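Working notes, beginning with the structure itself.
Protein chains: 2
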Amino acid sequence: MTDLQKIYRYIEEHEEEHITKVQEFLRQPSVSAEDLGIRECADLLCSYYKDLGCQEVEIVETNGHPGVWAYYNADNEKTIVNYCMYDTQPVEGEEWSSPPFEANVVEKPSLGKVIIARGAVNSKGGYRMWLNALEAIIAIQGKLPVNIMFTAEGEEELGSPHFPQIIAKYQNRLKEADAVLGCGPSQDQEGKIKMFLGVKGIVYLELECSGKSWGRGPQAFDIHSSTKAIVDSPVWRLINALSTMVSGDGNTILIEGWYDKVASPSLEDIELVDKLVEVFDDRVWKESFKIKRWIDDLEGKDLILKYLYSTTLNIDGIWGGYTGPGTKTVLPHKVICKVDVRVVPNQKPEDVVPLIRAHLDKHGYNDIEIREHDRYGWSKTSVKEPVAQAVLSVYKGYGKKVEVWPHMGGSAPFYLYTQNLNLPVAGGGLGHGGRAHSPDEYLVIQGNEKVAGLVEAEKSYVDILYAYAGWNRGSSISYSSPQKAL
Amino acid sequence: MTDLQKIYRYIEEHEEEHITKVQEFLRQPSVSAEDLGIRECADLLCSYYKDLGCQEVEIVETNGHPGVWAYYNADNEKTIVNYCMYDTQPVEGEEWSSPPFEANVVEKPSLGKVIIARGAVNSKGGYRMWLNALEAIIAIQGKLPVNIMFTAEGEEELGSPHFPQIIAKYQNRLKEADAVLGCGPSQDQEGKIKMFLGVKGIVYLELECSGKSWGRGPQAFDIHSSTKAIVDSPVWRLINALSTMVSGDGNTILIEGWYDKVASPSLEDIELVDKLVEVFDDRVWKESFKIKRWIDDLEGKDLILKYLYSTTLNIDGIWGGYTGPGTKTVLPHKVICKVDVRVVPNQKPEDVVPLIRAHLDKHGYNDIEIREHDRYGWSKTSVKEPVAQAVLSVYKGYGKKVEVWPHMGGSAPFYLYTQNLNLPVAGGGLGHGGRAHSPDEYLVIQGNEKVAGLVEAEKSYVDILYAYAGWNRGSSISYSSPQKAL
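Each protein sequence line maps, in turn, to chains A and B. Per this note's numbering, the very first residue in the first sequence carries number 101; after that it's consecutive. Per this note's numbering, the very first residue in the second sequence carries number 101; after that it's consecutive.
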């Protein structure tokens, strides 16, 4: 039995214990928006790094929620940085079939056993599987095949406002690393593997229209709606203002200068998209998100291009006045909406608020307030980087098809690694979860012929780590996967 | 000492007891929209009618909240109908300086002692003062000077959807009455008396835009907002649809045919408005509603005409997606807004939904759902009616200036009396309260040089009842007020 096989067997033999550890992490709420369980979860994460044998484990205080720094010294030439977000989205107002913080294992039609929990796939569930894989390696080999600098934050779902503080503190050490690598479930529900070589940037903001700022309408509280005959309405004002910002279908942004810096896809991106078209099947997404028709009924390559290269202006939430049951006749004194903007290469996130401000002012809405909550830039890593090639080599070794996306539609603060530290970022691994940011978020535990369960997922993380460790030099254990892919 | 003076003294001597009774009524929550305390409040009201000595007191079951019918037989030729709404607006989401159902007596700058409570002025507080006045008359005189048919409902704030059932049950008896008369606080905070000879009608509805109805956008739940690049947004759709319904300032309704049936003011109305202009001071309204500027900076007669003869389309509330603290990035699957429409003579409330439906369909929004919650018509009574003249005669006797409004901007289900039963409707009395439908709703208890407190208010209700009782024939007690006004 090879050392690798011993690690595999260790994972198999510790399946129940590993599932329990995933559940433990998920049962500790860590809702950053509501400051629910955040510090407790940071402490729990510290205990995990200590259990691994990290020589340095510390809570990193910030002006917001704490981060965590840990360093695992394997006395190796190669060092990776690992990213962790230990926070999750809220669950407020959502209806779950199993309570979001009970992390129950339930049978899901066509997917087998899954854990249902907030954070199951985004991202605590998958992260704990990654730590399980590291523990298995250490249990058999005595140590990891690379040094790891762990950087964890508890504010990713808030737009990582203080992650720069965490990175800044360890900047000189992080710069010495070779790459950023992390493993997690990357299969869709049909088992297809997705790999994203980057992320879009995001700006999250609130727009508020109030009688107080306007000088018209109710100044201090909601008033009897019979006054509408002679009193202006901040709600109508915000609605009219918003409607000037997008086209009739809501999909083209009419703010002057918005698209000026949007870059055309690079040659590498075009090559990747052409390969993607061959394997991409939008039915999985339709099923996952419960979508019948895409914007403009797009298909195939058009759909992929739209997804990748669209900057978007989305209303995440809107509220004002009476929102309870039945009838209450009031003229509201204010209304607020939450907006997220996704920025693509080469847009600058710092341009977003000034552009919206200028648009509102130009249309006479200079009283509408803009509150920027958080912002960060897009990030991209070339598929040619060794860390990306290492991940792909493992998939190739499995004989599995891979969708390689130039970047994803979502956002993560990877610009801090790529733009600020000049480190490539990649990741991957088997496993599947879904419904991120939605009720009944889940992570597959048992697996079936299509998607990997916890055991196979963790094995793939072991493979990926060794593949990268051995990329430029001989690995200390036998690893037979081909060393080049795509 | 005349009998009237004895009644006055009785009220003075029972001030504390009367305040306690007002508090008791207000401490019993009766929020119709939330079905909070409704039946308990109906039972409490029944006990009040029994205490008065009504020969008939009965809960009237409806398809919604129960009504109350009571009959006080004074063996008199003259019979009035009295209207009571025993329900109130909700308090959800409001911040009160004194809890809304504690009905505490607090000192309010410039107004003296007030009771702060939901329903204080709209309308349980004033209604209990009216019952206190009736009790005082009975205590001294043995009986009331008119027969009274009490008709009470617990759904006024819902648009009185089942009040027609209550009226229908007693229709034949109600038709035999001479007028509808009720007393309550009618002074503004400067002490000026307002009398409203009618009401606007109202239609309350919800508009909902959902991915499910549309067939585009998220079909079942809020999804990750990174999908906005390729998924349509029901929120943008509703915003764009709403913006087609009103002018840029939100004040002119652009729905085809909306204004077709709006009547010009009658000659009687014009005479009343011309008199109103002489006494009307909008500063009190500005202070009361916390308004700096009216629509189009209107003043004087223009402001009055706008207030009285405008049909309005108001958004009472809007909500969709994530409305909690911090950041949550979702593309919402639906958004809802509550809308109230005020109809003026000669608009028909039953036309409102078809007009909005036709407008939405014409603009391609046939998937947006309209749910009508409640509707009723406008109502008007001529100032020449004896019941109106009786009220005015009392004010004239006090030497007080009166603002006589052809109708109010608000709504009440008086069309059931005026249009269905052909009965005139009037009311009035001293006293002051404010902040209807808002936090810190209040009713003045102590009074000062400007506004009447509870004792003076109740005395005025006694005066009004006797004025009407004696209008066509000699009153049984000496009543010296002049018998004609305005």
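Backbone N, C-alpha and C define an ideal beta-carbon position, used for all residues, glycine too. Since the model is a prediction, treat every value here as computed from it, not as a measurement.
Considering only residues of the same chain and omitting the five flanking positions on each side of residue i, which have a CB-CB separation below 8 Å?
| i | result |
| --- | --- |
| residue 137(A) | 128, 129, 130 and 131 |
| residue 579(B) | Note that residue 579(B) has pLDDT 40, beneath the 50 cutoff, so the model's placement of it is unreliable and the number below is only indicative. Only 104, 563, 566, 567 and 570 meet the Cβ criterion. |
| residue 433(A) | 310, 311, 312, 317, 318, 319, 320, 321, 322, 323 and 334 |
| residue 430(A) | 322, 323, 324, 325, 421 and 422 |
| residue 591(B) | The structure shown does not extend to residue 591(B), since chain B is modelled only from 101 to 586, so the question has no answer here. |
| residue 119(A) | 205, 215, 545 and 554 |
| residue 289(B) | 210, 211, 384, 387, 388, 532, 534, 550 and 551 |
Could you work out which residues of chain B lie near residue i, taking near to mean beta carbons separated by less than 7 Å?
| i | result |
| --- | --- |
| residue 320(A) | 390 |
| residue 327(A) | 389 and 509 |
| residue 118(A) | Here the premise fails: no neighbours, minimum Cβ distance about 27 Å. |
| residue 340(A) | 343, 348 and 350 |
| residue 539(A) | 321 |
| residue 335(A) | 415 and 418 |
| residue 243(A) | Correct list: empty, because the minimum Cβ distance to chain B is about 38 Å. |
| residue 189(A) | 428 |
| residue 361(A) | The contacting residues do not exist; residue 361(A) stays about 17 Å from chain B at best. |
Just to confirm my understanding: we take residue i, look at its own chain, exclude 5 residues before and 5 after, and list those with CB closer than 6 Å. What are they?
| i | result |
| --- | --- |
| residue 182(B) | 248, 250 and 282 |
| residue 551(A) | 287, 291, 532 and 544 |
| residue 112(B) | 555 |
| residue 125(B) | 224 and 228 |
| residue 303(B) | 441, 449, 452 and 475 |
| residue 524(B) | 279, 481, 485 and 487 |
| residue 463(A) | 344 |
| residue 91(B) | Because chain B here runs from 101 to 586, residue 91(B) falls outside it and cannot be looked at. |
| residue 294(B) | 286 and 503 |
| residue 117(B) | none |
| residue 144(A) | 128 |
Could you tell me which chain B residues have their CB closer than 8 Å to the CB of residue i, listed as they occur along the chain?
| i | result |
| --- | --- |
| residue 536(A) | 324 |
| residue 287(A) | The premise fails here: residue 287(A) is roughly 17 Å from chain B at the closest Cβ pair, so nothing lies under 8 Å. |
| residue 225(A) | Per Cβ cutoff of 8 Å: no residues; residue 225(A) is ~16 Å from chain B at best. |
| residue 304(A) | 427 and 429 |
| residue 331(A) | 389, 391, 394 and 395 |
| residue 501(A) | Ordered by position in chain B, no residue passes the 8 Å Cβ test against residue 501(A), which lies about 22 Å from the chain. |
Under 7 Å Cβ-Cβ, which residues of chain A neighbour residue i?
| i | result |
| --- | --- |
| residue 192(B) | 424 |
| residue 315(B) | 392 and 393 |
Would you mind telling me which residues of chain A sit closer than 9 Å to residue i, beta carbon to beta carbon, in chain order?
| i | result |
| --- | --- |
| residue 132(B) | 426 and 427 |
Counting only the same chain and skipping the five closest in sequence on each side, list residues whose C-beta sits under 7 Å from that of residue i.
| i | result |
| --- | --- |
| residue 230(A) | 282, 283, 284 and 561 |
| residue 46(A) | Chain A is shown only over 101 to 586; residue 46(A) falls outside these bounds and no answer can be derived. |
| residue 200(A) | 191, 217 and 218 |
Under 8 Å between beta-carbons, which chain A residues line up against residue i? List them in chain order, please.
| i | result |
| --- | --- |
| residue 55(B) | Any question about residue 55(B) goes unanswered here, given that chain B covers just 101 to 586. |
Can you pull the chain B neighbours of residue i, defined as C-beta to C-beta under 9 Å?
| i | result |
| --- | --- |
| residue 292(A) | Going along chain B, no residue has its Cβ under 9 Å from residue 292(A), so there is no contact; the nearest lies around 18 Å. |
Could you list the residues in the region 440-473 of chain B with a C-beta less than 8 Å from some C-beta on chain A, going in chain order?
440, 442 and 473
The region 413-434 of chain A: which residues have C-beta closer than 9 Å to a C-beta of chain B, in chain order?
413, 414, 415, 416, 417, 418, 419, 420, 421, 422, 423, 424, 425, 426, 427, 428, 429, 430, 431, 432 and 433
Using Cβ-Cβ distances below 7 Å, what residues of the region 250-284 of chain B are close to chain A?
Of all residues in the region 250-284 of chain B, 257, 258 and 259 have a Cβ within less than 7 Å of some Cβ in chain A.
At least 3 beta-carbon pairs within less than 8 Å: the region 405-417 of chain A vs the region 501-511 of chain A:
Three or more Cβ pairs closer than 8 Å define a contact, and the region 405-417 of chain A meets that threshold against the region 501-511 of chain A.
At least three beta-carbon pairs within less than 8 Å, the region 235-244 of chain A to the region 480-492 of chain A
With the cut-off at 8 Å, the region 235-244 of chain A and the region 480-492 of chain A do not touch.
Short of 7 Å Cβ to Cβ, which residues in the region 392-413 of chain B face chain A?
392, 393, 394, 395, 398, 403, 406, 407, 410 and 412
Please determine if the region 340-359 of chain B and the region 453-470 of chain B are in contact, where contact requires at least 3 C-beta pairs separated by less than 8 Å.
yes
Going along the chain, which unbroken runs of the beta strand (DSSP E) with 3 or more residues stay wholly within the region 128-161 of chain A?
156-160
Between the region 319-332 of chain B and the region 373-390 of chain A, do three or more beta carbon pairs fall short of 8 Å?
yes
Quick check: the region 331-350 of chain B against the region 296-312 of chain B, are at least 3 beta-carbon pairs closer than 8 Å?
Counting Cβ pairs under 8 Å, three or more are found: they touch.
Inter-stretch contact at 8 Å, needing at least 3 Cβ pairs: the region 145-154 of chain B / the region 208-222 of chain B:
no
Any contact between the region 271-280 of chain A and the region 167-181 of chain A? By contact I mean 3 or more CB pairs, one from each, below 8 Å.
In short, these stretches touch, since the Cβ pair count reaches three.
Is there contact between the region 252-272 of chain A and the region 193-209 of chain A, where contact requires at least three CB pairs shorter than 8 Å?
The region 252-272 of chain A, when compared against the region 193-209 of chain A, does not touch it at the 8 Å Cβ threshold.
So within the region 498-541 of chain B, which uninterrupted beta strand (DSSP E) runs reach at least 3 residues, ignoring any that extend past its ends?
502-505 and 525-528
Could I get the ranges of all uninterrupted alpha helix (DSSP H) runs contained in the region 317-346 of chain A, with 4 residues as the minimum, in chain order?
334-343
Positions along the region 192-223 of chain A whose CB lies within less than 7 Å of some CB in chain B:
192
What runs of the beta strand (DSSP E), each 3 residues or longer, lie entirely inside the region 195-266 of chain B?
204-208, 212-216 and 247-253
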